[in-house]
Amino acid sequence: MTLPVPDPVDDPICSARGCRRDATWGLLWNNPKLHTSDRRKVWLACDDHREHLTQFLDVRGFLKDTVPVTELVAADGT
Numbered sequence: 006m007t008l009p010v011p012d013p014v015d016d017p018i019c020s021a022r023g024c025r026r027d028a029t030w031g032l033l034w035n036n037p038k039l040h041t042s043d044r045r046k047v048w049l050a051c052d053d054h055r056e057h058l059t060q061f062l063d064v065r066g067f068l069k070d071t072v073p074v075t076e077l078v079a080a081d082g083t
C-alpha cells in the first residue's frame, strides 16, 4: 500500500483570495470524483485563514489532513 504524498509546493504563500502572507499550514485534500485516493492536493494557509479554508474543504468532504508547512516538500524536491 502506498501512502498519500502531497503535491509539491512552489512558494509558501497563503491560498486565501487576496492574502499574501506566509503560509504556516498545509491543508491536504482531494476530490474523490476527480482524484485517485492516494492523490493529495495542497492548499496553503496562514494562521488567520486556516480555519476558513479548513471549513470550506471539510464541509465538502475533501479535507484529508492538516500539517505544518515545514513538513511539505518544495517543488524543487527540498
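Position one of the sequence shown corresponds to residue 6 (this note's numbering), numbered consecutively onward. Glycine included, every Cβ here is placed at the ideal spot set by N, Cα and C. Predicted model, so just to flag it, every value in this text is computed and none were measured.
Residue i versus the options, residue with shortest Cα-Cα distance
i      : options                           : result
Leu-68 : Arg-25, Leu-49 and Asp-27         : Leu-49
Ile-18 : Gln-60, Leu-62, Pro-37 and Arg-55 : Arg-55
Gly-23 : Arg-65, Leu-62, Asp-70 and Cys-51 : Cys-51
Asp-27 : Asn-36, Lys-38 and Asp-53         : Asp-53
Pro-73 : Ala-21, Arg-25 and Leu-33         : Leu-33
Residue i in three-state terms, based on DSSP
i      : result
Asp-43 : coil
Thr-75 : helix
Asp-27 : strand
Asp-70 : strand
Met-6  : Confidence is the limiting factor: at Met-6 the pLDDT is only 46, short of 50, which leaves the residue's position unreliable and the question unanswerable from this model.
Residue j beta carbon less than 9 Å from that of residue i
i      : j      : result
Ser-42 : Asn-35 : yes
Gly-66 : Val-47 : no
Asp-59 : Thr-71 : Correcting the residue type first, residue 59 is Thr in the shown sequence and not Asp. Yes; because the gap between Cβ atoms is below 9 Å, this pair is in contact.
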